[in-house]
């Protein structure tokens, strides 16, 4: 597992692992111990996604930086 943060016009957070399963937001019960991670990512980020690598996958999420609304992105 690895974490990479990229600061440009947005903050991009990438988490890579060896799993080939696609992350899916799921709705959990109040007593469930697992399954909230990507739901939180989807609610707190501007956008998110997943891309496959030769060793597994990278899940990425983008957030606006303070003072930057991201509208000037092409």
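In the numbering used here, the protein residues as written are 397 to 470. Even glycine gets a Cβ: it sits at the ideal position worked out from N, Cα and C. Computed from a predicted model, the values in this text were never measured in an experiment.
Classification of residue 448 by the beta-carbon crowding that lies within 10 angstroms, buried from 16 upward:
exposed
So residue 452 packs on residue 426, CB below 8 angstroms; how close in whole Å?
Not a contact, Cβ separation roughly 31 angstroms.
Return the chain-ordered list of same chain residues with a C-beta closer than 8 angstroms to the C-beta of residue 470, the five sequence neighbours on each side being excluded.
For residue 470, the predicted structure reports a pLDDT of 47, less than 50, and the residue's modelled location is therefore unreliable. A value from the coordinates is still provided. There are no such residues.
Is residue 457 buried or exposed, if buried means 16 or more other CB atoms sit within 10 Å of its CB?
buried
For residue 454, which residues of its own chain have a beta-carbon under 6 angstroms away from its beta-carbon, when the five flanking residues on both sides are left out?
410, 412, 447
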